[in-house]
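Heads up, the thing below is written out as structure tokens.
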Amino acid sequence: MERVSTIETTNGAGDTYSVGSTNGKDYPSVTRFRRGRPQRIKLTNVSDRTVYFSAHDDIAVLVPAGDLPRGDGYVRVDSKKYRDWQVLAYEGCRDRELFQRECELYERWLATQPPSVERPDYPEPQRVATRPSQYSLEGPGDRLTCAER
Numbered sequence: 001m002e003r004v005s006t007i008e009t010t011n012g013a014g015d016t017y018s019v020g021s022t023n024g025k026d027y028p029s030v031t032r033f034r035r036g037r038p039q040r041i042k043l044t045n046v047s048d049r050t051v052y053f054s055a056h057d058d059i060a061v062l063v064p065a066g067d068l069p070r071g072d073g074y075v076r077v078d079s080k081k082y083r084d085w086q087v088l089a090y091e092g093c094r095d096r097e098l099f100q101r102e103c104e105l106y107e108r109w110l111a112t113q114p115p116s117v118e119r120p121d122y123p124e125p126q127r128v129a130t131r132p133s134q135y136s137l138e139g140p141g142d143r144l145t146c147a148e149r
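Numbering of the sequence shown is given in the UniProt record's numbering, commencing with residue 1 and proceeding in unit increments.
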């Protein structure tokens with residue numbers, strides 16, 4: 001059976017800190033204090049190396065991989081409940097009306113911007129253009145094949 005010990009310490013300002021440590025055979029922890037305040041917690045028998053975490057981090061429960069309690073508030077990542085929760089959580093992320101307004105505002109803004117490439121103004125064509133006479137071929141002798149050149 002695990003033994004849970006609570007350490008209370010007081011700093012100079014009169015604030016009292018209560019730190020709980022589980023000293024079970026599997027996961028003993030050591031709490032480090034500096035100037036009467038908890039600074040970090042050393043976990044042993046968790047991995048091949050020593051693991052520290054800040055005493056100010058919000059940690060609910062430290063459990064080995066795959067040993068998550070089956071109580072209220074715990075859901076496994078590969079469970080159907082977790083997938084259903086993700087669908088519900090991310091379903092409302094995109095508001096269609098807001099997205100439509102954003103598109104309209106973007107189109108208005110884009111219409112006021114200068115073009116990214118300058119386009120010269122060309123006269124609007126009235127009919128099919130004809131080749132000028134100086135470039136026309138006079139006779140069959142003007143046409144040379146590749147071998148004749």
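Glycine is no exception: its CB is placed at the ideal position from the N, C-alpha and C atoms.
Asked: Opening and closing residue of the alpha helix (DSSP H) in which Tyr-106 lies; Found: 96-112
Asked: CB of Arg-34 within 7 Å of CB of Ala-55, strictly; Found: no
Asked: CA-to-CA distance, Lys-80 to Ala-111, given in whole angstroms; Found: 47 Å
Asked: Chain-order list of residues whose beta-carbon lies under 7 Å from that of Arg-127 (same chain, five-residue window excluded); Found: none
Asked: DSSP three-state assignment for Asn-23, whether helix, strand or coil; Found: For Asn-23, the pLDDT reaches just 46, beneath the cut-off of 50, and the residue's location in the model is therefore unreliable, leaving the point undetermined.
Asked: Those residues which DSSP pairs with Pro-38 across a bridge; Found: Phe-33
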